[in-house]
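Undergrad: In case it helps, the numbering used here puts the sequence shown at residues 54 to 276.
Glycine included, each C-beta is placed from N, C-alpha and C at the ideal position.
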Amino acid sequence: MIFRRRPKQDGAAGVTDLASSADSPDELSELESSRPRGPWDRSETTVDEGDPTYVDLGGLIVKGCEGVELRIQIDEQTESVASVLMAGPESGLELRAFAAPRYDGIWDEVRQDIAAEAAKRGGTATEVDGEFGTELKVVIAVQTPAGRPATQATRIVGVDGPRWLLRGTFLGKSADDADPDGVLEQVFRDVIVVRGDVPMAPRAMIGLEMPSQATQFVDDADA
54 MIFRRRPKQD GAAGVTDLAS SADSPDELSE LESSRPRGPW DRSETTVDEG
104 DPTYVDLGGL IVKGCEGVEL RIQIDEQTES VASVLMAGPE SGLELRAFAA
154 PRYDGIWDEV RQDIAAEAAK RGGTATEVDG EFGTELKVVI AVQTPAGRPA
204 TQATRIVGVD GPRWLLRGTF LGKSADDADP DGVLEQVFRD VIVVRGDVPM
254 APRAMIGLEM PSQATQFVDD ADA
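In structure tokens:
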């Protein structure tokens with residue numbers, strides 16, 4: 054697998070406060086039942102050490118597949134990993150995970166705030182039912198590299214797990230054409246979130262790291 058490092062680019066919207074809280078077995082069971090096919094918590098699955106199909110990014114473990122390139126997006130100010138982009142020929146999937154309580158999933162309230170942020174930027178956000186529950190189709194105005202006005206569409210999904218929220222942003226063709234059996238949809242289902250036990254402030258992004266097995270690593274400037 055080829056790994057590329059890219060500068061962080063601002064997304065269509067941010068994530069609001071995701072508070073930590075105590076949880077109960079019933080609340081945990083409810084969140085587990087809402088993810089019968091994934092994505093997974095680290096406690097729910099195992100990965101054989103040395104399995105080349107999985108890439109350990111610290112807070113996320115992702116499964117590679119043929120035709121999909123893993124790109125590491127770097128925050129230039131902090132020089133830390135900001136997000137992960139799984140890029141196919143015509144589509145992409147950006148992955149981010151955030152600290153959250155185990156009880157009462159928070160995707161509903163986060164979705165409202167993403168929609169409000171899109172409206173503030175002059176865009177639209179439409180709720181649709183999809184493979185991962187209620188999704189957001191976001192359309193905002195952008196400028197092309199040549200300075201021409203254009204629109205950019207994204208499809209944003211969110212899945213609540215025990216003390217985490219995994220957010221996926223589908224780009225390109227997959228933003229308009231959702232496919233439950235699509236390659237990137239399967240990539241999202243295969244994600245393993247490693248929340249850890251360290252207390253985290255509300256809204257904290259679960260930290261990501263450069264993969265140790267990135268033997269083929271290319272800066273975009275050199276590609």
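1. I need the straight-line Cα distance from W93 to V244, nearest angstrom please.
2. Determine contact between the region 119 to 135 and the region 160 to 172, defined as no fewer than three beta-carbon pairs at a distance below 8 Å.
3. Are there 16 or more other CB atoms within 10 angstroms of the CB of D79, so buried, or fewer, so exposed?
4. Assuming I114 is part of the beta strand (DSSP E), what are its boundary residues?
5. Using beta-carbon positions only, say whether L189 and R174 come within less than 9 Å of one another.
6. Considering only their Cβ atoms, is the gap separating G141 from G120 smaller than 9 Å?
7. Return the chain-ordered list of same chain residues with a C-beta closer than 7 Å to the C-beta of P264, the five sequence neighbours on each side being excluded.
8. Entirely within the region 182 to 219 and at least 3 residues each: give me those beta strand (DSSP E) ranges in chain order.
9. Could you have a look at L148 and say whether DSSP puts it in helix, strand or coil?
10. So, does the region 250 to 262 touch the region 171 to 186, judging by three or more C-beta pairs under 8 Å?
11. How many angstroms separate the CA atom of P198 from the CA atom of Q205?
12. Taking the C-alpha atoms as reference points, what is the distance between R216 and L224?
13. DSSP state of A153, grouped into three classes?
14. Would T222 be called buried (16 or more neighbouring beta carbons within 10 Å of its own) or exposed?
15. How close, in whole Å, do the beta carbons of G214 and V192 come, if the pair is a contact with beta carbons under 8 Å?
16. Any idea if V240 is buried or exposed, counting beta-carbon neighbours within 10 angstroms, 16 or more meaning buried?
17. Assign L138 to one of three DSSP states: helix, strand, or coil.
18. Nearest to D157 by alpha carbon, out of G91, D229, V212?
19. Do A135 and R220 count as a contact pair if the criterion is CB distance below 9 Å?
20. Could you spell out where the alpha helix (DSSP H) holding Q239 opens and where it closes?
TA: Taking the geometry as given:
1. Their backbone Cα atoms lie some 6 Å apart in a straight line.
2. Here the region 119 to 135 makes no contact with the region 160 to 172; the two share fewer than three CB pairs at distances below 8 Å.
3. Because D79 sits at a pLDDT of 48, beneath the cut-off of 50, its placement in the model cannot be relied upon, and the following sentence gives the value as read from the coordinates. D79 counts as exposed, since fewer than 16 other C-beta atoms from the protein chains shown sit within 10 angstroms of its C-beta.
4. Start and end: 113 to 116.
5. The answer is no: Cβ separation not under 9 Å.
6. Going by C-beta atoms, G120 is nearer than 9 Å to G141.
7. Taken in chain order, the residues that qualify are F56, V108, D109, L110.
8. Segments of the beta strand (DSSP E) lying fully in the region 182 to 219: 186 to 196, 202 to 214.
9. Under the three-state reduction of DSSP output, L148 falls in the strand class.
10. Result no; under three Cβ-Cβ pairs closer than 8 Å.
11. Looking at the two C-alpha atoms, the distance is approximately 13 Å.
12. If you draw a straight line from the Cα of R216 to the Cα of L224, it is about 26 Å long.
13. In the displayed model, A153 falls within coil according to three-state DSSP, outside both helix and strand.
14. With 16 or more other Cβ atoms from the protein chains shown falling within 10 Å of its own Cβ, T222 counts as buried.
15. Rounded, the Cβ-Cβ distance is 28 Å, inconsistent with contact.
16. With 16 or more other Cβ atoms inside 10 Å of its own Cβ, V240 counts as buried.
17. L138: strand per DSSP, three-state reduction.
18. For the residues G91, D229, V212, the minimum Cα distance to D157 belongs to V212.
19. No, the pair does not count as a contact, with Cβ atoms beyond the cut-off.
20. Start and end: 236 to 243.
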